[in-house]
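Using numbering that gives the first Met the number 0, read the sequence shown as starting at 0 and increasing by one per residue.
The beta-carbon is built from N, C-alpha and C at its ideal position, and this holds for glycine as well.
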Amino acid sequence: MTATIGESVNNKLAIKASISVHLGLILNKKKLSVEASYKDSDGGKLLGFDRSDETLHLSASYPLTGYVSTNLGYHKTNSSIDYYDTKYPTFGLQLKSLSF
Numbered sequence: 000m001t002a003t004i005g006e007s008v009n010n011k012l013a014i015k016a017s018i019s020v021h022l023g024l025i026l027n028k029k030k031l032s033v034e035a036s037y038k039d040s041d042g043g044k045l046l047g048f049d050r051s052d053e054t055l056h057l058s059a060s061y062p063l064t065g066y067v068s069t070n071l072g073y074h075k076t077n078s079s080i081d082y083y084d085t086k087y088p089t090f091g092l093q094l095k096s097l098s099f
């Protein structure tokens, strides 16, 4: 678990607080990694409007074979300026390096 408390920076979007948690579980004799994080940022300005963001990220990684693992997740940012709002899933495949 990691936690951060930030300090305001004039006219810059800066992290006010963040927390992340990482868990490892054994599932079918393989390690399932789960991570969740939350970040609250404020202090920014855009065209004279105050900007603050809240970001949530969730993800899970699992090895499919000895050489291939997969990652699934979700990312959401809620901003006081609607243009910066985001919501999207994440997906990845990672291939282990082969040495000859």
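Reduced DSSP category for residue i - H, G, I as helix; E, B as strand; rest coil
i   : result
D84 : coil
S58 : strand
F99 : coil
S79 : coil
Residue i to residue j span [Cα, whole Å]
i   : j   : result
G47 : Y37 : 26 Å
D84 : I18 : 20 Å
S96 : V20 : 28 Å
Pair within 8 Å by beta-carbon distance, residue i and residue j
i   : j   : result
Y66 : L92 : no
Y61 : L22 : no
S68 : T89 : no
I4  : A16 : yes
Residue span of the beta strand (DSSP E) that contains residue i, given as start and end
i   : result
E6  : From DSSP, E6 is part of no beta strand (DSSP E); its letter is neither H nor E.
Y66 : Looking at the DSSP string, Y66 is not in any beta strand (DSSP E), and its letter there is neither H nor E.
S32 : 29-45
S17 : 13-26
Q: Report yes or no: do the segment 40-56 and the segment 74-92 share at least 3 C-beta pairs separated by less than 8 Å?
A: yes
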